[in-house]
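Contents: one structure, followed by commentary.
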Amino acid sequence: MRKLLLTGCGLVLALYLLPVFWPSEEAEPFTVPSAAATGAAAAPAGDYTTVTVEIDGTPTELPLEEYVAGVVAAEIPNDFPEQALRAQAVAARTYAVYKLSRGRPDAHPSADLCDDYHHCAAYRDIAVETASGSDLSRVQRAVEDTAGEILTYDGQPIAAVFHCVSGPRTESAADVWGEDIPYLQSAVSPGGSAYERYEDAVTVTADDFRAAVAEAFPSADVSGAPDTWFKASVRSAAGGVITVELGGVTVEGTAVRELFGLQSTNFTLTTTADSITFHTIGYGHGVGLSQYGAKYMAEQGADYAAILSHYYPGTALAQL
Ligand SMILES: [Zn+2]
Numbered sequence: 617m618r619k620l621l622l623t624g625c626g627l628v629l630a631l632y633l634l635p636v637f638w639p640s641e642e643a644e645p646f647t648v649p650s651a652a653a654t655g656a657a658a659a660p661a662g663d664y665t666t667v668t669v670e671i672d673g674t675p676t677e678l679p680l681e682e683y684v685a686g687v688v689a690a691e692i693p694n695d696f697p698e699q700a701l702r703a704q705a706v707a708a709r710t711y712a713v714y715k716l717s718r719g720r721p722d723a724h725p726s727a728d729l730c731d732d733y734h735h736c737a738a739y740r741d742i743a744v745e746t747a748s749g750s751d752l753s754r755v756q757r758a759v760e761d762t763a764g765e766i767l768t769y770d771g772q773p774i775a776a777v778f779h780c781v782s783g784p785r786t787e788s789a790a791d792v793w794g795e796d797i798p799y800l801q802s803a804v805s806p807g808g809s810a811y812e813r814y815e816d817a818v819t820v821t822a823d824d825f826r827a828a829v830a831e832a833f834p835s836a837d838v839s840g841a842p843d844t845w846f847k848a849s850v851r852s853a854a855g856g857v858i859t860v861e862l863g864g865v866t867v868e869g870t871a872v873r874e875l876f877g878l879q880s881t882n883f884t885l886t887t888t889a890d891s892i893t894f895h896t897i898g899y900g901h902g903v904g905l906s907q908y909g910a911k912y913m914a915e916q917g918a919d920y921a922a923i924l925s926h927y928y929p930g931t932a933l934a935q936l
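Number 936 marks the last residue of the sequence shown (this note's numbering); no jumps.
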């Protein structure tokens, strides 16, 4: 599993969590003064130089930059272009500071962050990985070269979510999580087909499909043939399924994705007499930075600031 992370996409964070913590969580007022405004790289009132991370269940205090390097190492291949690695480093640091600024969650009250990508972000111990032969030197350099840099919107650290690869466009937060966030809008994102599983397929037998639906959506009627199960879908501008009629019940595309382990909500269907196949484009929730999109932009000559402003429009780089 860990070796896979070296060559493919990393793990996509905040997939299910954002709509829970985003609108409802009370955050302390928090402002990151820009160096230009203050004449110095002023630090915010809180201490963002160290973080306590729950690693394998144990709270561990780490320098922020060491933590960021461990997240980037887990999220993106070391051989990606330098500017793409830098963009990922800033996004990962920003996401960590965003979570820090909102206080410790009930899930781990003794740590600021955890290493579960379903909840916070994946993390690899650079020292351990290096000792076992992994070359993470380019990841480390990208983190060092952007040390202390985060993205802000109206002076606040942003929820800099990211994903492996989108379809031709990224998704907006409004379409995926029902929350309109100004800097998480749909953006064009070419170059995704460089990812080997950009197009993917999952085939499910009729028996397995009915069993899964009976448990997840018990009021859906899927007793008929597979080509009668799904009806009209509502899609985002980027192509993702927002909702779809399943056996007479309206279900969310994200729920279908989770239930059948699909790479994304951007799916179409084919059926046989006793099976259904989901054909997907992209991997991940599709919101925010696309790692393969960043790779493509870097290969076209964009620097990390341009990549970040493309995927997080209206944001500004600031120094912690
Ligand atoms: Zn967590």
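Even for Gly, the Cβ is constructed at its ideal location relative to N, Cα and C.
Heavy atom of ligand 1 within 6 angstroms of residue i beta-carbon
i	result
residue 575	The requested residue 575 is not part of the displayed model; the chain covers only 617 to 936.
residue 730	yes
Continuous alpha helix (DSSP H) stretch holding residue i: start and end
i	result
residue 669	Run containing residue 669: none in the alpha helix (DSSP H); it sits in the beta strand (DSSP E), 666 to 671.
residue 876	869 to 876
residue 833	It is not in any alpha helix (DSSP H) - residue 833 carries neither H nor E in the DSSP assignment.
residue 710	698 to 717
residue 745	742 to 747
residue 927	920 to 927
residue 688	680 to 691
residue 932	Run containing residue 932: none in the alpha helix (DSSP H); it sits in the beta strand (DSSP E), 932 to 935.
residue 909	907 to 915
residue 790	789 to 793
Host beta strand (DSSP E) of residue i (start-end)
i	result
residue 814	No beta strand (DSSP E) holds residue 814; DSSP gives it neither H nor E.
residue 850	846 to 851
residue 895	891 to 897
residue 769	765 to 769
residue 756	Residue 756 -> not in any beta strand (DSSP E); alpha helix (DSSP H) instead, spanning 753 to 761.
residue 861	857 to 862
residue 885	883 to 888
Cβ-Cβ distance between residue i and residue j below 7 angstroms
i	j	result
residue 768	residue 706	no
residue 838	residue 826	yes
residue 927	residue 803	yes
residue 841	residue 908	no
residue 863	residue 822	no
residue 700	residue 910	yes
residue 778	residue 905	yes
residue 731	residue 694	no
residue 710	residue 766	yes
residue 929	residue 799	yes
residue 739	residue 808	no
residue 818	residue 729	no
residue 901	residue 820	no
residue 903	residue 789	yes
residue 703	residue 742	no
residue 886	residue 893	yes
residue 860	residue 773	no
residue 912	residue 834	no
residue 875	residue 830	no
heavy atom of ligand 2 below 6 angstroms from residue i C-beta
i	result
residue 882	Ligand 2 is not part of the structure shown, which contains ligand 1 as its ligands.
Discussion item. Using a Cβ distance threshold of 8 angstroms, determine whether the region 872 to 882 contacts the region 895 to 905, with at least three qualifying pairs required.
Written reply: yes
Worksheet item: Is the region 852 to 862 touching the region 919 to 936, taking contact as three or more C-beta pairs under 8 angstroms?
Response: no
Discussion item. Tell me whether the region 776 to 792 and the region 722 to 742 touch, counting them as touching only if at least three CB pairs, one residue from each stretch, are closer than 8 angstroms.
Written reply: no
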